[in-house]
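Data block below; observations after.
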Amino acid sequence: MRYKIGMRVLAAQDSFFLARRPRKDSPHTTAAYRRDLAGVTVLLAESLSTSVDELVVEDLTSGNLRAAFGVFADSHAKSSVLRAWSTWNQFLTFCVADDLLPGNPMGAVARPKTPPLTPKPLRGEDTPEQLLTAAADGTHGGRDPWPERDVLVIALGLVAGLRSAEMRTLTLASIVGRAGERRLHVVGKGNRDRSVPIEPSMERIVEAYLVSCRSRFPMAGFDRGSPLLRDRRGEAIGRGGLEYLVKSCFRWAGLHDRVPTGANLHALRHTFATRLAEDGASASEIMALLGHASLATSQNYIEATARERRSAAASNRTYRALGRLDGSE
């Protein structure tokens with residue numbers, strides 16, 4: 000087999016992204032892949048005392064990649080190194096398939112162990128209710144309180160389990176169905192669509208928020224393609240603005256110490272899933288409602304609640320003897 004000799008690394012990366020276009024990756028995914036490739040490519044060029052533009056695919060040896068990833072790991076968290084390793088593994092697998100390399104050298108490059116997927120729900124049994132109550136109160140002392148929006152954002156996490164990106168891509172057309180039977184049409188990771196049912200109480204939260212929007216922005220458009228969540232200028236809320244809003248709600252409510260480190264908005268989603276598991280939802284039901292790609296991810300929530308282990312322990316025949324002792328049987 001003859002391999003394509005002398006192809007520039009940057010050109011190979013362009014071909015990689017061109018080949019991925021039919022997968023319809025989200026812009027966020029594509030941007031993350033580009034960052035991972037670019038970061039290690041720069042380090043490769045530095046270790047070889049050349050420019051990024053001059054790197055060729057033949058430079059992508061196991062030794063060179065080990066050196067570059069070693070430097071990369073010195074300044075990045077374990078999760079970032081793991082993600083970059085995965086990105087480069089996919090890129091070099093493409094290079095092999097496209098006859099640019101005889102084999103994938105990433106097998107010789109060490110990577111961190113995949114950390115266990117541990118749910119990070121809010122701590123405290125009544126924390127979600129306290130958070131919603133504080134958000135609805137709107138007396139946190141901010142310059143321009145907007146409790147209708149605060150409550151909607153918190154509720155989208157707690158009763159619909161939406162990710163940050165999913166909230167930001169909601170439009171007025173995302174709310175579908177008849178009154179009393181409405182649901183949210185959500186575009187999740189990997190452009191996977193899902194439908195999340197919402198109850199009439201959530202419908203009223205949405206309507207109160209829309210009324211507040213029309214009052215605040217009388218000149219703004221509210222067609223079906225308009226963003227659902229808006230910032231204080233009436234434009235679609237950004238990622239940073241949404242994260243800041245949720246962190247502020249925790250702080251105003253005096254609940255910031257009940258949020259797992261690094262979770263914030265995602266803690267709302269984890270709380271949604273954990274409560275589903277605690278109340279008896281199956282892994283397949285959790286998978287459908289949260290838009291997980293793997294059933295194993297959904298199973299983590301059931302295992303974290305220990306519901307199945309509690310059920311198994313409760314079946315111990317000795318409990319019947321205990322029941323007779325305390326008079327409950």
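To convert, note that position 180 of the sequence shown is 179 in numbering that gives the first Met the number 0; the numbers rise steadily by one, no gaps. Ideal Cβ placement from N, Cα and C applies to all residues, glycine included.
According to DSSP, residues forming a beta bridge with residue i
i    : result
R229 : A235
V55  : R7
R193 : V185
For residue j and residue i, the rounded distance between their alpha carbons
i    : j    : result
H184 : R229 : 18 Å
A37  : L161 : 30 Å
H265 : R323 : 45 Å
F15  : R191 : 22 Å
P21  : A172 : 26 Å
N315 : S283 : 28 Å
H75  : T296 : 25 Å
P118 : Q12  : 35 Å
R213 : A219 : 8 Å
A303 : T273 : 8 Å
R1   : T113 : Legend: pLDDT at R1 = 46, less than 50; position of this residue unreliable, value from coordinates given subsequently. Looking at the two C-alpha atoms, the distance is approximately 36 Å.
G239 : F71  : 26 Å
P146 : A30  : 33 Å
Y32  : S78  : 14 Å
T170 : D125 : 31 Å
P259 : F221 : 36 Å
A159 : L17  : 35 Å
L275 : S50  : 53 Å
A10  : E53  : 11 Å
V217 : A207 : For the sequence presented, residue 217 should be read as Pro rather than Val. C-alpha separation (whole angstroms): 15 Å.
L227 : R167 : 8 Å
V8   : R215 : 51 Å
A83  : R319 : 54 Å
S46  : D97  : 26 Å
G5   : A67  : 20 Å
D35  : K23  : 19 Å
Y243 : V152 : 12 Å
E277 : G187 : 24 Å
P144 : R177 : 31 Å
S225 : A280 : 34 Å
T317 : V210 : 59 Å
T270 : L157 : 6 Å
S388 : A135 : Residue 388 is absent from the structure shown; the chain starts at 0 and stops at 328.
S163 : H27  : 12 Å
L321 : L130 : 39 Å
A154 : I174 : 15 Å
L116 : Y300 : 9 Å
R203 : E180 : 12 Å
E234 : R148 : 13 Å
R257 : G137 : 20 Å
V150 : M201 : 10 Å
P127 : Q298 : 22 Å
Host alpha helix (DSSP H) of residue i (start-end)
i    : result
S211 : P199 to R215
S78  : K77 to A96
R65  : S61 to D73
E124 : Taken as a continuous stretch (DSSP letters only), E124 belongs to no alpha helix (DSSP H), as it is neither H nor E.
G106 : Neither: G106 is in no alpha helix (DSSP H) and is coded neither H nor E.
H265 : L264 to E277
L288 : A282 to L289
A44  : P26 to S46
N299 : L294 to T304
Residue-level contact to chain C via CB, residue i, 8 Å cutoff
i   : result
T29 : Although the question refers to chain C, the structure presented lacks it and comprises just one protein chain.
TODO: Entirely within the region 145 to 191 and at least 4 residues each: give me those alpha helix (DSSP H) ranges in chain order.
DONE: 146 to 157 and 163 to 167
- [ ] Please determine if the region 59 to 70 and the region 97 to 112 are in contact, where contact requires at least 3 C-beta pairs separated by less than 8 Å.
- [x] yes
Task: Segment contact flag, the region 288 to 301 with the region 191 to 203, C-beta cutoff 8 Å, min 3 pairs - done: yes
Open item on the list: Below 8 Å, how does it come out for the region 38 to 52 and the region 89 to 100: are there three or more Cβ pairs, yes or no?
Closed with: no
Open item on the list: Does the structure place the region 117 to 136 close enough to the region 247 to 265 that three or more beta carbon pairs sit under 8 Å?
Closed with: yes
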